[in-house]
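Colleague: Numbering (the numbering used here), first residue to last: 729 to 992. Before we start, here is the structure in question, set down as structure tokens.
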Amino acid sequence: MEVNKVYTVDCIEGMQKLIDEKSIDIIVTSPPYNIGVRYNSHVDNLPYEDYLNWMDIFGRLCSKILKDSGSLFFNIGDKVSDEFKAFEVAQRIAKSLTLQNTIHWVKSIAVPEYDINIGHFKPVNSDRFLNNCHEYIFHFTKSKSVPLNKTAIGVPYADKSNITRWKHGTSNGDSRDRGNVWFIPYDTVVSEKEHPAAFPRKLPEMCIKLHGFNDKTIVLDPFMGSGTTCVVAKNMGCKFIGFEIDKEYSRMAMEKLSQKKISA
Ligand SMILES: C[S@@+](CC[C@H](N)C(=O)[O-])C[C@H]1O[C@@H](n2cnc3c(N)ncnc32)[C@H](O)[C@@H]1O
């Protein structure tokens, strides 16, 4: 199995043929959501049952290639008019792995009481549905008992007297468990993006830190797109593998990954 490489391949074939069993530490990925995004080659509009069956096979293969201590961070969003889809997909994957954490990725939030109005979202043109300002990151493991490095993405205590009060595994100095709601704004507005559905670099970075990593850690993104996960893994000193079905997106990722230290 070759690492530090991206392949232009269907990820189902890639996971079947190119990855050893129980060899991957962390999978961070975001599949097509089946909501009609205009990708170069993938048609994001499969019959719903076919889409769910695809995710079923995907989950089975993730389970096969993950180490027993591994983590799958699976990012998926919804249409506001179809709020059950993310859960139905998660249920398919849960046939092969267990759901250890459900993380809410908040892309935009307004808290006028605290003078906060931050992040980007695509406005929904509807008098029935609210703007969609969040997505899910389902964290799957094999056993539901994979220890995490929570303080690696921790937040400082608001009340500093808690630094000494909470002397248990969930705090480390002035860093406490941030919880399962992560505010991560897009790096740029959508129209400037090079790929129609890239996630911000901070997303895979937080997932990799939360799982824990070192220079032997192997990170896979089976739906690599523009290569965000692989770029982040490389910058963090991990080993990476990416699969992408579209030649042009693969080329974009390879170009970025050929740089020594990849800037924004
Ligand atoms: C939501 S995007 C991923 C974007 C990525 N997270 C990024 O930051 O650029 C999903 C990607 O999956 C790719 N894709 C669709 N079907 C695939 C398949 N069977 N195997 C591998 N990649 C596939 C699409 O071309 C698309 O680039």
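C-beta atoms are modelled at their ideal positions from N, C-alpha and C, and glycine is treated no differently.
How far does the alpha helix (DSSP H) with G742 in it reach, from first residue to last?
Modeller: The sequence position of residue 742 within the sequence shown is 14, counting from 1. Per DSSP, G742 belongs to the alpha helix (DSSP H) from 739–745.
Colleague: Which residues in the same chain have their Cβ closer than 7 Å to the Cβ of H862, if we skip the five residues on either side of it in sequence?
Modeller: For the purposes of this step, residue 862 is identified with residue 134 of the sequence shown, where counting begins at 1. Contacts found: H832, W833, V834, K835.
Colleague: What residues in its chain sit with their C-beta under 7 Å from that of G953, if we drop five residues either side in the sequence?
Modeller: As a first step, residue 953 is located in the sequence shown; it is residue number 225 there, counting from the start. Same-chain partners within the cutoff: H923, A925, A926, E972, Y977.
Colleague: Which of the three DSSP states, helix, strand or coil, is assigned to A838?
Modeller: By one-based count along the sequence shown, residue 838 stands at place 110. Three-state result, A838: strand.
Colleague: Ligand 1 heavy atoms versus the CB of M952: any closer than 7 Å?
Modeller: For the purposes of this step, residue 952 is taken as the residue at position 224 of the sequence shown. Yes, the Cβ of M952 comes within 7 Å of a heavy atom of ligand 1.
Colleague: Could you tell me the distance, in whole angstroms, from the CA atom of S903 to the CA atom of D974?
Modeller: Mapped onto the sequence shown, residue 903 falls at position 175. Mapped onto the sequence shown, residue 974 falls at position 246. If I take the Cα positions, the gap works out to 41 Å.
Colleague: In chain order, what residues of the same chain lie with their CB nearer than 6 Å to the CB of V960, ignoring the 5 residues before and after it?
Modeller: Here residue 960 corresponds to residue number 232 of the sequence shown, with the count starting at 1. If we look at V960 and ignore the five residues flanking it on each side, its Cβ neighbours are R929, P932, E933.
Colleague: Buried or exposed: where does F812 fall if 16 or more other Cβ atoms within 10 Å of its Cβ makes it buried?
Modeller: The residue given as residue 812 occupies position 84 in the sequence shown. Classification of F812: exposed, given that the 10 Å Cβ count is below 16.
Colleague: Thinking just about the alpha-carbon of each residue, which of F941, F815, G805 is nearest to the one in V765?
Modeller: As a first step, residue 765 must be located in the sequence shown, where it is residue number 37. Nearest of F941, F815, G805 to V765, Cα basis: G805.
Colleague: Is H923 near ligand 1 - that is, is its Cβ less than 7 Å away from at least one heavy atom of it?
Modeller: Along the sequence shown, read from residue 1 onward, the residue named residue 923 stands at position 195. Yes, Cβ of H923 sits closer than 7 Å to a heavy atom of ligand 1.
Colleague: On a CA-only basis, which of K823, V771, V808, N942 is nearest F857? Give me that one, please.
Modeller: On the sequence shown, position 129 is the one that residue 857 refers to. Considering only alpha carbons, the answer is V808.
Colleague: Between which two residues does the alpha helix (DSSP H) harbouring S889 extend?
Modeller: Start at 1 with the first residue of the sequence shown, and residue 889 comes out as number 161. Note, S889: premise wrong, no alpha helix (DSSP H); not H, not E.
Colleague: Taking its Cβ as the centre, do 16 or more other Cβ atoms sit within 10 Å of G907, making it buried, or is it exposed?
Modeller: Position 179 of the sequence shown, counted from the first residue, corresponds to residue 907. Looking at its Cβ environment, which holds fewer than 16 other Cβ atoms inside 10 Å, G907 is exposed.
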